[in-house]
Amino acid sequence: MKNKLKVFLLLPLLLLSSCSNNKKLINVFIYKEDDTFIKSLTSQILINLNSPDYNVEVQYAAGNQNIQNKQIEKAFTWDIENNYYIINAVDRLSASAFVELAKKNYKPLIFINREPLNDTMQMYDECYYIGCNPYLEGSNQATLLNSLYGGANKYLGSTYDKNGDGIIQLVLLKGELGHQDAESRTRSFIGKISSLGYKYEVLETSYCNWDRKLANESFGKIYAKHAQTNDIELVVSNNDDMALGAIDYIRSRTDYKRVGDFIDNYFPIVGVDATQVGCEAIENGYLYGTVYNDAKEQAKAISWLVDAFINGLDVLNGPYEFDRNRVLYIPGEIITIENVKKIQ
Amino acid sequence: MKKPHSLKNILTIPLCAMSVIFITIIVVTSTLIVTQNAQEVTNKQINVSNGEILNNYENYFSSAISASDSIQESLANTDIKVDSIPVNSMLDNVKNVIREVSDISIYSYNSIDTTDNGKIIAYSSGFSGTNASEDDKWYTSAITNQQINNFSSIGEDGGGYTFFISKYFTFNKEADHGVLRITYDFGRVASSIAQSDLGEGGHITIFNNNYNVVYSSNSSFDSKELAIYKDLVIGSKEIFIDNVNYVLYISTISNTTWRVAILTNNNALIKTTNLYTFLLILFGAIAITLYILLVFGIAKTVTNPIAELQKEMERVELLNYSYKKQNLIKGSREVQELDKSFNAMMNRINELANKIVLEQKAQKESELKALQNQINPHFLYNTLDSIIYMINRNENDKAEKMIMALSKFFRISISNGKAIIPIKDEIEHAKNYLLIQKLRCGDSFTYYIDIDPQLYEYECVKLILQPIIENAIAHGIRNADDMEGKITIKGEFAGDLIRFDIIDDGFGMTEDKIEDIYNSFKDPTIHKGVGLQNVFLRIKMYYGDLANILITSELDSGTDISIFITKKDKIGDKNEK
Numbered sequence: 588m589k590n591k592l593k594v595f596l597l598l599p600l601l602l603l604s605s606c607s608n609n610k611k612l613i614n615v616f617i618y619k620e621d622d623t624f625i626k627s628l629t630s631q632i633l634i635n636l637n638s639p640d641y642n643v644e645v646q647y648a649a650g651n652q653n654i655q656n657k658q659i660e661k662a663f664t665w666d667i668e669n670n671y672y673i674i675n676a677v678d679r680l681s682a683s684a685f686v687e688l689a690k691k692n693y694k695p696l697i698f699i700n701r702e703p704l705n706d707t708m709q710m711y712d713e714c715y716y717i718g719c720n721p722y723l724e725g726s727n728q729a730t731l732l733n734s735l736y737g738g739a740n741k742y743l744g745s746t747y748d749k750n751g752d753g754i755i756q757l758v759l760l761k762g763e764l765g766h767q768d769a770e771s772r773t774r775s776f777i778g779k780i781s782s783l784g785y786k787y788e789v790l791e792t793s794y795c796n797w798d799r800k801l802a803n804e805s806f807g808k809i810y811a812k813h814a815q816t817n818d819i820e821l822v823v824s825n826n827d828d829m830a831l832g833a834i835d836y837i838r839s840r841t842d843y844k845r846v847g848d849f850i851d852n853y854f855p856i857v858g859v860d861a862t863q864v865g866c867e868a869i870e871n872g873y874l875y876g877t878v879y880n881d882a883k884e885q886a887k888a889i890s891w892l893v894d895a896f897i898n899g900l901d902v903l904n905g906p907y908e909f910d911r912n913r914v915l916y917i918p919g920e921i922i923t924i925e926n927v928k929k930i931q
Numbered sequence: 014m015k016k017p018h019s020l021k022n023i024l025t026i027p028l029c030a031m032s033v034i035f036i037t038i039i040v041v042t043s044t045l046i047v048t049q050n051a052q053e054v055t056n057k058q059i060n061v062s063n064g065e066i067l068n069n070y071e072n073y074f075s076s077a078i079s080a081s082d083s084i085q086e087s088l089a090n091t092d093i094k095v096d097s098i099p100v101n102s103m104l105d106n107v108k109n110v111i112r113e114v115s116d117i118s119i120y121s122y123n124s125i126d127t128t129d130n131g132k133i134i135a136y137s138s139g140f141s142g143t144n145a146s147e148d149d150k151w152y153t154s155a156i157t158n159q160q161i162n163n164f165s166s167i168g169e170d171g172g173g174y175t176f177f178i179s180k181y182f183t184f185n186k187e188a189d190h191g192v193l194r195i196t197y198d199f200g201r202v203a204s205s206i207a208q209s210d211l212g213e214g215g216h217i218t219i220f221n222n223n224y225n226v227v228y229s230s231n232s233s234f235d236s237k238e239l240a241i242y243k244d245l246v247i248g249s250k251e252i253f254i255d256n257v258n259y260v261l262y263i264s265t266i267s268n269t270t271w272r273v274a275i276l277t278n279n280n281a282l283i284k285t286t287n288l289y290t291f292l293l294i295l296f297g298a299i300a301i302t303l304y305i306l307l308v309f310g311i312a313k314t315v316t317n318p319i320a321e322l323q324k325e326m327e328r329v330e331l332l333n334y335s336y337k338k339q340n341l342i343k344g345s346r347e348v349q350e351l352d353k354s355f356n357a358m359m360n361r362i363n364e365l366a367n368k369i370v371l372e373q374k375a376q377k378e379s380e381l382k383a384l385q386n387q388i389n390p391h392f393l394y395n396t397l398d399s400i401i402y403m404i405n406r407n408e409n410d411k412a413e414k415m416i417m418a419l420s421k422f423f424r425i426s427i428s429n430g431k432a433i434i435p436i437k438d439e440i441e442h443a444k445n446y447l448l449i450q451k452l453r454c455g456d457s458f459t460y461y462i463d464i465d466p467q468l469y470e471y472e473c474v475k476l477i478l479q480p481i482i483e484n485a486i487a488h489g490i491r492n493a494d495d496m497e498g499k500i501t502i503k504g505e506f507a508g509d510l511i512r513f514d515i516i517d518d519g520f521g522m523t524e525d526k527i528e529d530i531y532n533s534f535k536d537p538t539i540h541k542g543v544g545l546q547n548v549f550l551r552i553k554m555y556y557g558d559l560a561n562i563l564i565t566s567e568l569d570s571g572t573d574i575s576i577f578i579t580k581k582d583k584i585g586d587k588n589e590k
C-alpha cells in the first residue's frame, strides 16, 4: 500500500529523471559505518564514481543483516533499469538472496570485501566479487619474512633464531573465528612458510577479533607465559590493528628493542592492511612489515566494473583478470620501511 | 401555483438531509481511516512479530555458532589426539551448558594423508555414532565450505527434530585439521515458534538457498508455495493461497544459508475491518433513524399547536368569532403567546362585531324615531286642519302652497329609504318645514336661510335640521310678546368641517337646561330634549368623534344650536380635499 503510494509519488520524478538523460543510481550497501578499512574503501569508491551521470547512494546496515535486507529489497522495487548495486554484505551467507534478486531482475551485481560462497557466485553469470586476496596476503607475509631471513638455510643460527634450534617459534594473532580472511591468511602463511623450507612451531594461537585492545591483552598473557624461556621469535597477525596491540604491550616493557638497535631480545611482528597507524609503526621500527590491503586499487576496479556495466563493456576482456570469470582479487603489495613512504 | 411546503417539511427535510449527509460522511471517513490505520497497525504488528520470530531463530543459531566457535577457539592450541580425555570432558561441559545440544563430536581430517579421515577423535557423553564417511553430508560440506558453519537440514542426517552444525577447523597450533560436529535438538525452538500466533493457516517454513525445505510448522506443507517464495526472494508482500489472504515475509537467517518464510493470516484483519465497517454503518443507520424521529418529534411539538391554532382560525372564515377559554393549546411559549394574542383578538373582534350590531340597531331606531317624529300625527292633523281652514277661507293659493310644501317635506323625509341625502335636499326639507309652520302660524315668526352654496356639493345625514327647527319654533318664539320671532338657518364651512347653525331669538335656556341636554347626549337613557339627542346620536354614529352639537344660549336673548359634521360628498370622503 505504502510502497504503491510512494511509486505514484515518485512516478513524476521518475519520468523527469528518465527524461534528463537517465541518471544512474549506484547503490552502495555497507555492512557498518565504523570499520576503518571499509571507510577508506567507501570514500575511494565515491571518489572514483564521481560523475555528473551517476548518483551514488551509500547505505549503512549497522552490522545488522535484516536492516541491509530491507535496504536492498527496497532498492529492487522501482526504476531497476537505472539502478546498480554494490554490496558489502553483513553476512556473506545472505548473499544468495541478493544474487537471486539480481538474477530475477537481470541486473549485474558486485559484492565487495566479504566474498560469498563459491556456490552462490556460481548461481548467476553476472555477479562479481572484488576484494583483497587473503591467500596472497598470507603468503606475502611469508615472502616478506623470507627476505628478512635471507632464505630458510640461513635461518639457523641467525639473530632471529634466538634459541638456535633452526625452528621459527611463532605466535599467531587471528581475527574473527570463522572469518574467511583470518583463516585464509593464516593458512596461506603457514603453507607458504613451510613451502619456502622453514620449520616452524606455533607457540600460541589467539583469536583477537581484529581488535587492538584485545590483542594487547592476549599478547600480554602470551608474552608473560614465554618470558622465562624467551622463545618468541615471530608474531604473525591477521591485520595491523592486532599487531599494533602486541606492539602496545611490548612498548610498555623496557626489555624490548627496536629493529635498528642490536637485537638481543628482538622478534619481528608482521600484519596486513597497511593502515595509517600501521605505516607509522613501520616507520618507527616497531612493525617490521605488512601487506597492503589496497582500498585504492579495489575501489578503482569496482568503479571500472560499474562503468563497464553501464556502458555495456565486455567485463572479462578488460584490464582485469577475473578468477572463475567472477572473482577479482586485488593483490596487496609488501610494505616495509623501504617503501612505506609510497603509500602514505 | 405550487403549493408551499408545510412548516413540518421545512423543518424536518433539511435537518434530516443534513444529518444523513453528516453521519454518512462520518461513517465513510472513519471507516476509511480505521481500515487504513488497522492495515498499518496490522502490518506493523506483523513486522514486529516477524522480527521477533526471526530474532528467535537468529539468536538460536548464533548461540549454536558461538558454541561451535568457542570450542574451536579453546582447542586451537590443543593436540586432541593426545589429550582426548580432557577434551571429551570439555565437550561434555559445553553440552551440559547448552540444553538444546544432544552431543558433540570431533573427527579428524587431513587433505594429504587421508588414511585417518573421518575417524572420531573426541566426543561428549550422549554420543552414539561412528566414524564419519564420505556419505555423511555434514562431513563433506564442512570440508567443502571450510570457513562456514554448515547446517544440515532437520532430520536429514539424524532423525526427528535434530540437525548438525559441522565446521572444519584447525587445532594443535595449526598442525592438525578436523571437523567439529554439534548435534542440536530443534524441538524446543520449534515448539516455541509453533506457539506464535500467525492466524489460521499461518505457518513458518525454513528452507535453504536451493529452496529445499528444512523445516515447516505446517505438517502438510504444499511445495507449490516454494514458487511464491522464489518469486519474492526476500521482503514481504500480500499473497493469496486458496483465496485466503496472507502476509508473506521472507528473510535470510544470519550466519546460515537458510531463509525463513513466515505466513501470517491477514483475513482476520479483513474480518475485523469488515465487522467494524458493518457496526459503524449499523450505528450510523440507528443514529440517523433516532435523529429523524427526534426531528419529527420536535417538529410535531412545534407544528401541532400551530395546526390547532390554524383550525381555530378557520372558524373565523365561517364568521364564528366565539373564542375559547385561554391556553387550551399546548406548545412552546411562542405558540402559547400567539394563542393568547389570537384569543384577545377574537375577543376584540367579537366585541366590535357586537358593538356594530348594537350601533346599527340604535341608528335604525333613531332614524325610525326621527321619521316617527316627522310623521307625528299632530303635525299632520294640524297641517291638514290648516289646509282645510285655508280652503274654507278660499285661500286657495295658500292651501296649494301648503300642500306642495307638505308633499315635498314628506318626499324628502322618506327619500326612498336612504339615510344620507344631498345637503341641498336637507335644506329644502328645512325650508318646507319652515314654510308649513309659517303658513300655519301666521306671521308669528320670520326665518332667514343663509347657506354657502358650495355646501351643496356634499351630503349629510337626513333629518338633522328639522328637529332642531321644530324646537326653535316651539321654544324660541315668544308668543306672549307681540314681537315677531326670528329664526336663522346658517350653513358654512368651519375649517375641515361643515357647520349648521339654527338661531332663534327666544327665551333662551338656563345653564342647567343646557347641561341636562349635554348629559342626555352622553347617556341615551336620559330623555331630555328628545329631538336634539336623536340628532346628536345619529351624527355621532355616522360621522364619528368630529361630529358635535354645541349649544350657546342667553336667557331672553336666544339660542344658537351649532351642528358640526365632516365633509362627505356624493362620491365619498373628500376630507382631504
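First to last, the sequence lines map onto chains W and X. Counting from 1, position 57 in the first sequence corresponds to residue 644 in my numbering; the numbering is continuous, with no gaps. Counting from 1, position 239 in the second sequence corresponds to residue 252 in my numbering; the numbering is continuous, with no gaps. For each residue, glycine too, the CB sits at the ideal point set by N, CA and C.
Determine, using beta carbons only, whether residue i comes closer than 9 angstroms to chain A.
i, result
"residue 243(X)", "The question asks about chain A, but that chain is absent: this structure's protein chains are W and X."
Where does residue i sit, in a helix, a strand or coil, going by DSSP?
i, result
"residue 271(X)", "strand"
"residue 848(W)", "Note that residue 848(W) scores a pLDDT of 46, beneath 50, so its modelled location is shaky and nothing firm can be said."
"residue 81(X)", "helix"
"residue 738(W)", "coil"
"residue 465(X)", "coil"
"residue 54(X)", "helix"
"residue 669(W)", "helix"
"residue 261(X)", "strand"
"residue 637(W)", "coil"
"residue 664(W)", "coil"
"residue 442(X)", "helix"
"residue 1(X)", "As displayed, chain X neither begins before 14 nor continues past 590, which places residue 1(X) out of reach and without an answer."
"residue 435(X)", "strand"
"residue 16(X)", "coil"
Pick from the options: whose alpha carbon is nearest that of residue i?
i, options, result
"residue 175(X)", "273(X), 196(X) and 289(X)", "196(X)"
"residue 469(X)", "505(X), 348(X), 410(X) and 488(X)", "505(X)"
"residue 816(W)", "857(W), 837(W) and 756(W)", "756(W)"
"residue 617(W)", "738(W), 752(W), 630(W) and 858(W)", "630(W)"
"residue 710(W)", "686(W), 692(W), 693(W) and 700(W)", "686(W)"
"residue 593(X)", "280(X), 260(X) and 165(X)", "Because chain X in this structure spans residues 14 to 590, residue 593(X) falls outside the shown range and cannot be described."
"residue 467(X)", "20(X), 440(X) and 129(X)", "440(X)"
Buried or exposed, going by whether 16 or more other CB atoms sit within 10 Å of the CB of residue i?
i, result
"residue 644(W)", "exposed"
"residue 478(X)", "buried"
"residue 326(X)", "exposed"
"residue 803(W)", "buried"
"residue 823(W)", "buried"
"residue 522(X)", "buried"
"residue 431(X)", "exposed"
"residue 410(X)", "exposed"
"residue 308(X)", "buried"
"residue 848(W)", "With a pLDDT of 46 at residue 848(W), under the threshold of 50, the modelled position of that residue is not reliable, and the figure given next carries that caveat. Residue 848(W) is exposed by the Cβ-count criterion."
Indicate, with yes or no, if the ligand SAM has a heavy atom lying under 8 angstroms from the CB of residue i.
i, result
"residue 325(X)", "Absent from the structure shown: the ligand SAM. Ligands present: none."
Inside the stretch 746-817 of chain W only - beta strand (DSSP E) runs reaching at least 3 residues: Listed in chain order, the beta strand (DSSP E) elements of length 3 or more contained wholly in the stretch 746-817 of chain W are 754-761 and 786-794.
Minimum length 3: unbroken beta strand (DSSP E) runs contained in the stretch 503-544 of chain X: 510-517
Residue ranges of each beta strand (DSSP E) run of no fewer than 3 residues wholly in the stretch 108-143 of chain X, ordered along the chain? With a minimum length of 3 residues, the continuous beta strand (DSSP E) runs that stay inside the stretch 108-143 of chain X are 114-122 and 133-136.
The stretch 259-279 of chain X / the stretch 58-78 of chain X touching (three or more Cβ pairs under 8 angstroms): The way I'd put it, the stretch 259-279 of chain X does touch the stretch 58-78 of chain X; three or more beta-carbon pairs between them come closer than 8 angstroms.
At least three beta-carbon pairs within less than 8 angstroms, the stretch 116-129 of chain X to the stretch 731-744 of chain W: Taking a cut-off of 8 angstroms on C-beta distances, the stretch 116-129 of chain X does not touch the stretch 731-744 of chain W, as fewer than three cross pairs fall below it.
Are three or more beta carbon pairs between the stretch 894-909 of chain W and the stretch 31-39 of chain X nearer than 8 angstroms? Contact between the stretch 894-909 of chain W and the stretch 31-39 of chain X is absent, because fewer than three Cβ pairs lie under 8 angstroms.
For the structure I just gave you, are there three or more beta carbon pairs, one from the stretch 267-280 of chain X and one from the stretch 901-916 of chain W, closer than 8 angstroms? no
Below 8 angstroms, can you find three or more Cβ-Cβ pairs linking the stretch 689-697 of chain W to the stretch 660-677 of chain W? yes
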